[in-house]
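Residue numbers (the numbering used here): 32 to 222.
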């Protein structure tokens with residue numbers, strides 16, 4: 032994307048610098064926006080308790096949860112305790128991508144994507160869906176690890192990167208959603 036094409040994008044990424052539970056923060060922001068009456072679509076990451084069938088020492092499983100239906104999609108593979116490979120399951124992400132494609136059809140007030148991560152930085156994952164969301168000018172909030180900030184900036188042409196602080200994220204949402212939505216907690220109606 033070029034700078035001219037991204038000048039009006041309503042997208043931001045929360046920087047995951049490893050100092051807090053950014054997945055939990057994103058899920059809390061999604062709930063807050065839903066509680067405020069906004070139509071929120073997308074996916075958040077959760078880490079259910081370990082899989083009893085997984086070998087001892089494996090990392091926790093990862094699931095993406097649909098914010099509308101609460102359907103969970105397993106997106107990790109149990110590779111064993113000595114594995115050094117990426118445990119992301121591309122097939123799980125492919126199944127979950129339908130949630131973001133559905134958001135394109137529904138045009139919600141806000142789309143949340145769990146992360147712009149290694150898969151997206153390398154041209155895969157949810158990259159195509161995110162590009163389409165941006166192209167349709169749907170407000171998008173995601174997370175990006177510090178190591179993928181440059182890839183996010185190249186992908187979006189320089190959209191905001193927010194600190195992992197609820198106040199900063201809420202302020203950005205109020206600014207971006209203000210033309211069509213009341214501020215969270217305000218008694219105004221849609222206009």
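Ideal placement from N, C-alpha and C gives every residue a C-beta, glycine not left out.
Three-state class that DSSP yields for residue i in the structure shown
i, result
"residue 144", "coil"
"residue 77", "strand"
"residue 204", "helix"
"residue 190", "coil"
"residue 67", "coil"
"residue 94", "strand"
"residue 161", "helix"
"residue 103", "strand"
"residue 48", "coil"
"residue 172", "strand"
"residue 138", "coil"
"residue 195", "coil"
"residue 182", "helix"
"residue 42", "strand"
"residue 209", "coil"
"residue 88", "Unreliable positioning characterises residue 88 in this predicted model, as indicated by a pLDDT of 48, which lies under 50. A coordinate reading is not provided."
Rounded separation between residue i and residue j - CA only
i, j, result
"residue 206", "residue 106", "33 Å"
"residue 180", "residue 68", "31 Å"
"residue 59", "residue 75", "10 Å"
"residue 73", "residue 139", "9 Å"
"residue 153", "residue 63", "32 Å"
"residue 88", "residue 155", "Low confidence applies to residue 88: its pLDDT is 48, below 50, so where it sits in the model is not reliable enough to give any reading."
"residue 147", "residue 57", "13 Å"
"residue 170", "residue 109", "34 Å"
"residue 216", "residue 123", "Only weak support is given to the placement of residue 216: the predicted model assigns it a pLDDT of 47, under 50, and the value that follows is read from those uncertain coordinates. Between residue 216 and residue 123, the C-alpha separation is close to 36 Å."
"residue 103", "residue 126", "10 Å"
"residue 51", "residue 190", "22 Å"
Beta-carbon spacing of residue i, residue j below 8 Å
i, j, result
"residue 47", "residue 202", "no"
"residue 135", "residue 164", "yes"
"residue 44", "residue 193", "yes"
"residue 80", "residue 128", "no"
"residue 71", "residue 98", "yes"
Residue i CB to nearest heavy atom of the ligand FMN below 7 Å
i, result
"residue 126", "As far as ligands go, the structure on display features none, and thus does not contain the ligand FMN."
Residue i, buried or exposed, once every other Cβ within 10 Å from all chains shown has been counted against 16
i, result
"residue 92", "buried"
"residue 66", "exposed"
"residue 100", "exposed"
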